[in-house]
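J.: In order, the protein sequences belong to chains A and B.
This note's numbering applies: residue -17 is where the first sequence begins, and numbers increase by one.
This note's numbering applies: residue 8 is where the second sequence begins, and numbers increase by one.
Just so it is clear, CB atoms sit at the ideal spot from N, CA and C, and this is done for glycine as well.
All values derive from a computational prediction rather than experimental measurement.
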Amino acid sequence: DAKTTQPPSMDCAEGRAANLPCNHSTISGNEYVYWYRQIHSQGPQYIIHGLKNNETNEMASLIITEDRKSSTLILPHATLRDTAVYYCIVASGSARQLTFGSGTQLTVLP
Amino acid sequence: DAGITQSPRYKITETGRQVTLMCHQTWSHSYMFWYRQDLGHGLRLIYYSAAADITDKGEVPDGYVVSRSKTENFPLTLESATRSQTSVYFCASSETGAPNSPLHFGNGTRLTVT
């Protein structure tokens, strides 16, 4: 699986959009981009995933660049409960071995 | 909608004891996984299962045993616990093994081996 690079930490004001970047310059054509988050002492929570096109669900939007070398997770209206570590992962293969890196600690400030 | 549940939530055991961590999912997902999470190592795959009676090793399988007699259950057994197995253990499931099938995680079991 391709390696990802994320900033170690970010702050966001409550009610504002949180934009979390991820670089995956070595991604291959069959690898999906996944985003998970982990709130302290809980299991990782699936947020969204995509291959080429931008995706949106009830939690977030995923913007993938045309060359697929980077992506951005957008939480449109961040709340205090969105404070968590956010992991960007690229995944392929049938075994679904996800490699969780260090992630980005997002802190939503009141 | 119970989803995926793990038990116990916390467990303390002594070195050399056998301990079993339970995982149950209500989605009838084909794939199930066991991960451990340690500071500095992130999440590491221990074992996974593609279906009932089919299991395979992950990155760190030594010292662990799994079974999957029913689709919904995937217990993880530490046959003789060691201090290095102190960790937080997460069970996960996915509908299929395809790359576009997300994993859904339980809330974990925090295991301490004394």
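1. Evaluate contact between the segment 17 to 26 of chain B and the segment 103 to 120 of chain B, counting only Cβ atoms and requiring at least three cross-stretch pairs below 8 Å.
2. In the DSSP assignment, the beta strand (DSSP E) including Phe82/A goes from what residue to what residue?
3. Leaving out five residues before and five after Arg90/B in sequence, what residues of the same chain have Cβ atoms less than 8 Å from its Cβ?
4. Select from Pro58/A, Leu33/A, Ser84/A and Met(-8)/A the residue whose C-alpha is nearest the C-alpha of Ala105/B.
5. Counting only C-beta atoms, is Asn80/B closer than 8 Å to chain A at any point?
6. Output needed in chain order: residues of the segment 30 to 41 of chain A with a Cβ under 8 Å from some Cβ in chain B.
7. With DSSP as the reference, label Asp64/A as helix, strand or coil.
8. By Cβ distance below 6 Å, which residues in the same chain neighbour Pro58/A in space, the five residues on each side in sequence not counted?
9. Could you name the residues of chain A that Gly49/B contacts, counting a contact when the two beta carbons are closer than 8 Å?
T.: Quick look at the numbers:
1. yes
2. As a working note, residue 82/A is residue 100 in the first sequence. Taken as a continuous stretch (DSSP letters only), Phe82/A belongs to no beta strand (DSSP E), as it is neither H nor E.
3. Walking along the second sequence from the start, residue 90/B turns up at place 83. For Arg90/B, where only same-chain residues beyond five positions count, the Cβ hits under 8 Å are Thr22, Val120 and Thr121.
4. The count along the second sequence starts at 1 and reaches residue 105/B at position 98. Of the candidates Pro58/A, Leu33/A, Ser84/A and Met(-8)/A, the one whose C-alpha sits nearest the C-alpha of Ala105/B is Leu33/A.
5. Looking up residue 80/B in the second sequence gives position 73. Output row for Asn80/B: interface = no.
6. His31 and Leu33
7. Working through the first sequence from its first residue, we reach residue 64/A at position 82. Reduced to three states, the DSSP call for Asp64/A is helix.
8. Against the first sequence, residue 58/A aligns to sequence position 76. Once the five neighbours on either side are set aside, the close Cβ partners of Pro58/A are Ala(-1).
9. Position 42 of the second sequence, counted from the first residue, corresponds to residue 49/B. Within 8 Å Cβ-Cβ: Thr81, Phe82, Gly83 and Ser84.
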